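Here the protein sequences line up with chains L and A, keeping their order.
In terms of this note's numbering, the first sequence opens at residue 11 and continues consecutively.
In terms of this note's numbering, the second sequence opens at residue 11 and continues consecutively.
There are 2 protein chains.
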Amino acid sequence: MPFQFDLLKKDHTTAARLGKMTTAHGIVNTPAFMPVGTQGTVKSMLPEEIKNCGAQIILGNTYHLYLRPGHEIIKKMGGLHKFINWPQPILTDSGGFQVYSLGALRKITADGVMFNSHIDGSKHFLTPQKVIEIQEALGSDIMMCLDECTPYPASEKETKKSLELTAKWANLCKKAKKNDEQALFGIVQGGTYLDLRKQSVEETVPLGFDGYALGGVSVGEPKEIMYAIAESITPMLPENKPRYLMGVGTPEDILFGVSCGIDMFDCVIPTRSARHGLLFTNKEKIVIKNARFREDNAPLDETCDCYTCKNYSRAYLRHLYIANEILAMVLNTIHNVRYYLRLMEQIREALDKNRFIEFKNEFLNKKGGT
Amino acid sequence: MPFQFDLLKKDHTTAARLGKMTTAHGIVNTPAFMPVGTQGTVKSMLPEEIKNCGAQIILGNTYHLYLRPGHEIIKKMGGLHKFINWPQPILTDSGGFQVYSLGALRKITADGVMFNSHIDGSKHFLTPQKVIEIQEALGSDIMMCLDECTPYPASEKETKKSLELTAKWANLCKKAKKNDEQALFGIVQGGTYLDLRKQSVEETVPLGFDGYALGGVSVGEPKEIMYAIAESITPMLPENKPRYLMGVGTPEDILFGVSCGIDMFDCVIPTRSARHGLLFTNKEKIVIKNARFREDNAPLDETCDCYTCKNYSRAYLRHLYIANEILAMVLNTIHNVRYYLRLMEQIREALDKNRFIEFKNEFLNKKGGT
């Protein structure tokens, strides 16, 4: 079944939208958050736990899976879904952002990116055709085009050159794609320059992708700039295609993105924070190792319906964290991922009931601006 | 409900027994293996996973829980069962063995053991009365007496002195015990000297405990000596009380212990091995990082009914282990714990069907003596 996006409802006061993506491995209600499963696992979580937290789609990192265990092995093992025991939708990135993050270890040419593996130093060359080949071997439901992620800061000239390369590669990715079951999204670059972002939209959208992402955000630029890009550029994207704000963000960022008309998000914040004992709650962000939780028999968050909150006290979670127990990471991750996915459920419910702006304001006021 | 042990059946060719312990938190079928939950968690496992692996009882370490988070906090939080979300039976050791393991950090007197915490160096004094107080605060179903674990090697004179101290402490523990809901086991010491082991039995049994343990085994002595102790001393223990071989062992050790009339075992081997990627199977012990599993789409063990074997390939488990993912420890631990608990189920079934010796021989032949 080919990829499909249905725009179900538009908010009456903001640019927010309620939608539904249909993929080869099932349905994703939007706005959606994708927990990050970098190396073929959302760190510390069983697939059943991810699903129980309300996830309908997860993200896999092409760069990591290409290097280890290798896309060919995953293909032989029956594809990524089977390999990792996650039968629901998966989006894979193109590897562009990870390669960009390698800094001195990579070199960009007109044809692709030469880089050294962070694992063993081995040399690799990723081209637009190659990243499609890899993602087709992985069998993800949504593939991303290879892009050049413009660094922050970058001059207007560099940024323009970069977005033009990204658009050229997008065209090559589209042509390389063989499998109709897998969707392919284009990526809008243009750094912090709104006119260059606009140029990127104009060069990317006519190529005709199944969805569009805003890339090169959350790379160190001030938050106001990221917000300005989301606010100005999202409405330029086709209304009937899903829009994805890559690598974003905090709960507040997600609410902002949704109000701009973004449909999809991914971020390591819930999972990484959990492993560091930073836990999201209805009232505050908790540092679980804090001595004030030593004899606290309450759950992390009285309003939370996650497995962790239903079965364990803050005192126990503090003990596990301080004792450096693996179960600390397991239970903390379940909670934070559920927190994010419950937020998405609440957003969708608010959109459905025509009260998104009220929900957003209530949420931001409750958090006291944290 | 007070503790009860029912001897259900005696094997016709060995000293093996089928039994049932009834505790305040439920029933334990024997011979039983207790997964080790040192710091209030069987490392990397959710309580539901422990239960699904077939565990009816787990072990908690008094030494660790006393130091962190502290038995008084656990008591305030509703006791150990509630704190760790494990409503089934728990046995706690006395802390004696852990203190013994501290070596230069502890000093033994006639009244108890003075030691420095391995966490922060703070000074502590454990007496027979104190370890009962701690275990009553934890609320375990089976408590252990404070013993002095004789080192290996030790002279006959040292060993004799040590077992006499252990017997004296056992008497003090018995007197200190206030709670009728909790059982208390005595510990037989005597090192590698069978006549001293016999003396220890003669000094301990008349005190009248709910069960008896063989302590001071698996402390570095040759395996033949441990086997000789189990074989000679177990039959001297009261038939109508459970017998516990502390800290033992490999699957082969357990089969040997059962054939000597042992009812209970605990050991970190399944959990610790799992975290190091050493996995028990029907055929061999697998080192999962081995390159031969790179493209192996089979489960760890075709005959295993655990969650890991039902859902994941060796290739995926190898990938997770090499990528240093937390999920590697989670999935490996589930498998090894299930392996041990399935072995206990098979032992009990064989005893029930009067074919224990056949089962034992088949098992040992299949393993090729590993």
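Quick reminder that beta carbons are idealized off the backbone N, C-alpha and C, glycines included.
These figures come from a predicted structure and were not determined experimentally.
Identified DSSP bridge partners for residue i
i: A/Val198; result: A/Leu224
i: L/Ile152; result: L/Leu101, L/Ala193
i: L/Gly29; result: L/Leu17, L/Thr40
i: L/His35; result: L/His35 pairs with nothing; no bridge assigned.
i: L/Lys295; result: L/Phe290
i: A/Gly47; result: A/Gly70
Residue i classed as buried or exposed, judged by whether at least 16 other C-beta atoms fall within 10 angstroms
i: L/Pro97; result: exposed
i: A/Arg253; result: buried
i: L/Glu213; result: buried
i: A/Gly379; result: Here the model assigns A/Gly379 a pLDDT of 44, short of 50, so the residue's position is not dependable, and the following value carries that caveat. Exposed is the call here.
i: L/Asn334; result: exposed
i: A/Pro41; result: buried
i: A/Gln14; result: exposed
i: L/Pro261; result: buried
i: A/Lys293; result: exposed
i: A/Asn95; result: buried
i: A/Asp151; result: buried
i: L/Glu146; result: buried
i: A/Pro216; result: exposed
i: A/Asp263; result: buried
i: A/Asp16; result: exposed
i: L/His286; result: exposed
i: A/His22; result: exposed
i: L/Ala177; result: buried
i: A/Cys308; result: For the record, residue 308 of chain A in the displayed sequence is Ala; it is not Cys. Burial call: exposed.
Extent of the continuous beta strand (DSSP E) run through residue i
i: L/Tyr254; result: 253 to 255
i: L/Lys133; result: 133 to 136
i: A/Gly70; result: 68 to 70
i: L/Val123; result: 123 to 126
i: A/Met274; result: 274 to 276
i: A/Lys185; result: Run containing A/Lys185: none in the beta strand (DSSP E); it sits in the alpha helix (DSSP H), 166 to 186.
heavy atom of the ligand FMN below 7 Å from residue i C-beta
i: A/Pro309; result: The ligand FMN is not among the ligands present in this structure, which contains no ligands whatsoever.
Residue i: first and last residue of the uninterrupted alpha helix (DSSP H) it sits in
i: A/Met236; result: 233 to 243
i: A/Val109; result: 106 to 111
i: A/Arg116; result: Premise fails: A/Arg116 lies in the beta strand (DSSP E), 116 to 118, not in any alpha helix (DSSP H).
i: L/Leu56; result: Where L/Leu56 is concerned, there is no enclosing alpha helix (DSSP H), given that its DSSP letter is neither H nor E.
i: L/Cys270; result: 261 to 270
i: L/His91; result: 90 to 94
i: A/Lys86; result: 81 to 86
i: A/Met354; result: 336 to 362
i: L/Arg328; result: 324 to 332
i: A/Phe366; result: 366 to 376
i: A/Glu213; result: 204 to 214
i: L/Ile279; result: 279 to 285
i: A/Asn321; result: 317 to 321
Members of the region 118 to 135 of chain A near chain L, C-beta cut-off 7 Å: none
Across the region 319 to 331 of chain A and the region 297 to 305 of chain A, are there enough close Cβ pairs to call them in contact, namely three or more that are closer than 8 Å? yes
Take every Cβ of the region 54 to 68 of chain L, pair it with every Cβ of the region 213 to 233 of chain L, and state whether three or more of those distances are shorter than 8 Å. no
Using a Cβ cut-off of 8 Å, which residues of the region 295 to 314 of chain L contact any Cβ in chain A, in chain order? Arg304, Glu305, Asn307
Evaluate the contact criterion for the region 309 to 318 of chain L versus the region 343 to 350 of chain L: three or more CB pairs, one atom per stretch, below 8 Å. yes
For the 8 Å Cβ check, are there 3 or more pairs between the region 199 to 212 of chain L and the region 130 to 147 of chain L? no
Does the structure place the region 353 to 364 of chain L close enough to the region 73 to 92 of chain L that three or more beta carbon pairs sit under 8 Å? no
Cβ-based contacts, 8 Å cut-off: residues of the region 76 to 110 of chain L near chain A: Arg78, Pro79, Ile83, Lys86, Met87, Gly88, Phe93, Ile94, Asn95
When you compare the region 24 to 37 of chain A with the region 112 to 131 of chain A, are there three or more beta-carbon pairs, one atom per stretch, that lie closer than 8 Å? no
Selection of the region 159 to 178 of chain A by Cβ proximity to chain L, strictly under 9 Å: none
Please list, in chain order, the residues of the region 319 to 336 of chain L that have any C-beta partner in chain A closer than 8 Å. Asn321, Tyr322, Ser323, Ala325, Tyr326, Arg328, His329, Leu330, Ile332, Ala333, Glu335, Ile336
Assess contact between the region 153 to 173 of chain A and the region 182 to 200 of chain A, defined as three or more Cβ pairs (one per stretch) separated by less than 8 Å. Is contact present? yes
Does the count of Cβ pairs from the region 240 to 248 of chain A and the region 269 to 285 of chain A closer than 8 Å reach three? yes
For the region 24 to 36 of chain L, list every residue whose C-beta sits within 7 Å of some C-beta in chain A, in sequence order. none
Give the residues from the region 278 to 295 of chain A that approach chain L closer than 7 Å (Cβ to any Cβ), ordered along the chain. none
Taking Cβ-Cβ distances below 8 Å as the criterion, which residues of the region 181 to 213 of chain A are in contact with chain L? none
Note down, in chain order, all residues in the region 35 to 56 of chain L with a beta-carbon under 8 Å from any beta-carbon belonging to chain A. Gln49, Gly50, Thr51, Lys53, Ser54, Met55, Leu56
For the region 339 to 353 of chain L, which residues have a CB atom closer than 9 Å to at least one CB atom of chain A, in sequence order? Met339, Val340, Leu341, Thr343
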